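Participant: Attaching a single structure in structure tokens format; questions to follow.
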Amino acid sequence: MFGNISSINSNILNINPLISLPSNTASCLKRPTAEEYNALASLYKNKKLNKKVIDCYSKALLLQESTFGLLHKKTANSYNNLADAYTNDGSRAKALEFYIKALNIWEKLFDLNHPQIANIYGKMANIHFEDNKLKKALHLYKKALDIKIKQLGEENVQTANSYQELAYFYASSNEYELALPLFQKAVYIRKKLLKMSHPDTAISYDNLAICYYHLFKYEKAYESLDIAIQIRLRIFEPTDKILLTSRKNLKEIKKHISRRKKESYFSFFMKLFTSKK
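The working numbering numbers the first residue of the sequence shown as 24 and each following residue consecutively.
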């Protein structure tokens with residue numbers, strides 16, 4: 024069943040020097056900075072050109088390393104950016120390699136309970152989960168959540184994200200009883216902070232509905248999915264694909280509710296009939 028780059032310095036778009044330019048002219052051209060490579064990477068990311076994103080972030084990383092050295096937050100950020108790019112490209116082994124490098128720097132620069140470390144734990148956990156290394160994934164999901172609760176508090180969007188990720192883990196392992204309270208916490212936080220007109224709040228209600236459905240709590244599943252639909256109706260057009268799918272799922276849940284009621288009535292009358300005998 025279930026920022027904004029409006030204009031970019033023309034020098035960025037001409038990263039490779041033109042061979043036809045005289046040497047004295049070429050030497051006058053401004054060399055792209057790490058920030059410009061990062062900006063260009065963001066542009067390519069929006070266009071889903073993953074290989075070009077990787078290339079730009081790799082060049083930015085080299086510049087950050089040569090400028091700031093290995094033990095600097097800008098270098099760590101570049102490792103993290105490159106890891107994200109490899110993740111989006113489906114290269115999980117390379118992504119994990121660069122997340123670990125970023126993590127090693129953050130651990131030396133900051134307290135081990137720094138939120139940035141928690142973010143990397145979460146990303147590494149996702150990779151381990153995809154690679155079916157479930158024990159490693161669970162350990163890191165829990166560490167990430169623990170850090171965020173301590174450093175950011177319960178009522179924080181990042182904490183809600185960690186609750187959601189840990190809940191996904193349990194739900195994917197069919198441990199819906201463990202997933203349910205985590206999804207409920209994510210819903211509570213997002214509803215309070217993001218309000219009832221945010222896509223992430225709708226996603227949380229979707230997940231809650233799925234969890235209730237697999238626990239055979241169809242009325243609660245119906246209620247949660249209906250709320251998710253109402254949120255999306257405020258944001259998207261009625262023809263939105265997710266909305267259409269959600270409405271189909273809502274009808275399926277309603278069938279389960281009707282079937283259960285019929286079974287309940289049948290059971291009730293059978294008991295009456297046998298008791299009269």
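Just so you know, even glycine gets a beta-carbon here, dropped at the ideal spot from N, CA and C. Note that this is a predicted model, so its numbers are computed, not measured.
Taking the Cβ atom as the reference point for each residue, do ALA83 and ALA106 lie within a distance shorter than 8 angstroms?
Facilitator: By the CB criterion at 8 angstroms, ALA83 and ALA106 fall outside the cutoff.
Participant: Start and end of the alpha helix (DSSP H) containing ASP78?
Facilitator: 73–91
Participant: Taking all protein chains shown into account, decide if SER247 is buried (16 or more other Cβ within 10 angstroms of its Cβ) or exposed.
Facilitator: buried
Participant: Sorted by chain position, which residues of the same chain lie with C-beta nearer than 7 angstroms to ALA251's C-beta, five sequence neighbours on each side aside?
Facilitator: ALA225, TYR228, ASP229, ALA232 and SER269
Participant: To the nearest angstrom, report how far apart LEU94 and TYR122 are at their CA atoms.
Facilitator: Taking the straight line from one Cα to the other gives about 15 angstroms.
Participant: Distance check for GLU130 and ASP263, CA to CA, integer angstroms please.
Facilitator: 43 angstroms
Participant: Roughly how many angstroms separate the alpha carbons of GLY145 and LYS243, rounded to a whole number?
Facilitator: Cα atoms of GLY145 and LYS243: separation of roughly 29 angstroms, rounded to the nearest angstrom.
Participant: Nearest to LYS208 by CA position, among MET147, ALA190, ILE140 and LEU86, is which residue?
Facilitator: ALA190
Participant: How big is the Cα-Cα spacing for LEU44 and LYS74?
Facilitator: For LEU44, the pLDDT reaches just 40, beneath the cut-off of 50, and the residue's location in the model is therefore unreliable, although a value from the coordinates is still provided. Each residue's alpha carbon lies about 28 angstroms from the other.
Participant: Check HIS237 in the structure and name its three-state DSSP category.
Facilitator: helix
Participant: Specify the secondary structure class of ARG54 as computed by DSSP and reduced to three states.
Facilitator: coil
Participant: Could you check the C-alpha separation between LEU266 and SER89 for me, to the nearest Å?
Facilitator: 49 angstroms
Participant: Would you call the CB atoms of ASN104 and TYR67 closer than 8 angstroms?
Facilitator: No, Cβ-Cβ distance for ASN104 and TYR67 is not below 8 angstroms.
Participant: Just to confirm before moving on: does the CB-CB distance between GLN87 and SER65 stay below 8 angstroms?
Facilitator: no
Participant: Applying the criterion that 16 or more other CB atoms from any shown protein chain within 10 Å of the CB defines a buried residue, is ILE258 buried or exposed?
Facilitator: It counts as exposed.
Participant: CB-CB under 7 angstroms to LEU168, same chain, minus the five flanking residues each way: which ones, in chain order?
Facilitator: SER185, TYR186 and LEU189
Participant: Within 10 Å of its beta-carbon, does GLU200 have 16 or more other beta-carbons around it, so buried, or fewer, so exposed?
Facilitator: exposed
Participant: Am I right that CYS234 and ALA194 are in contact with their C-beta atoms under 8 angstroms? What's the rounded C-beta distance?
Facilitator: 6 angstroms
Participant: Tell me whether the beta-carbon of LYS171 lies closer than 8 angstroms to the beta-carbon of ALA141.
Facilitator: yes
Participant: Judging by CA-CA distance, which residue of LYS70, LYS215, ARG255 and ASN197 is the nearest neighbour of PRO222?
Facilitator: Nearest neighbour of PRO222 by Cα position, chosen from LYS70, LYS215, ARG255 and ASN197, turns out to be ARG255.
Participant: Can you check which of these residues, GLU153, ILE212 and HIS162, is closest to GLU177 by C-alpha distance?
Facilitator: ILE212
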